[in-house]
């Protein structure tokens, strides 16, 4: 059964409440957890190919 009229109108709510200040989130400084170096740069091309082959074989295994 739908309401014929709202119990409290939005205008009544806004008129009865004093203006409130909204607290916003404060920014915090970013702290890097890792240096900017890529760990893949320490591998040779052959080691990178071997790593990709190992990742591929693990990804293709059936779930246990």
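Residue numbers (this note's numbering): 487 to 550. The beta-carbon is built from N, C-alpha and C at its ideal position, and this holds for glycine as well.
Simplified DSSP state of residue i, which is helix, strand or coil
i: residue 535; result: helix
i: residue 541; result: helix
i: residue 527; result: helix
Beta-carbon separation (whole angstroms), residue i vs residue j, contact threshold 8 Å
i: residue 529; j: residue 537; result: 7 Å
i: residue 526; j: residue 519; result: Not confirmed; about 18 Å, so no contact.
Same chain, Cβ closer than 7 Å to residue i, neighbours up to 5 away in sequence not counted
i: residue 508; result: none
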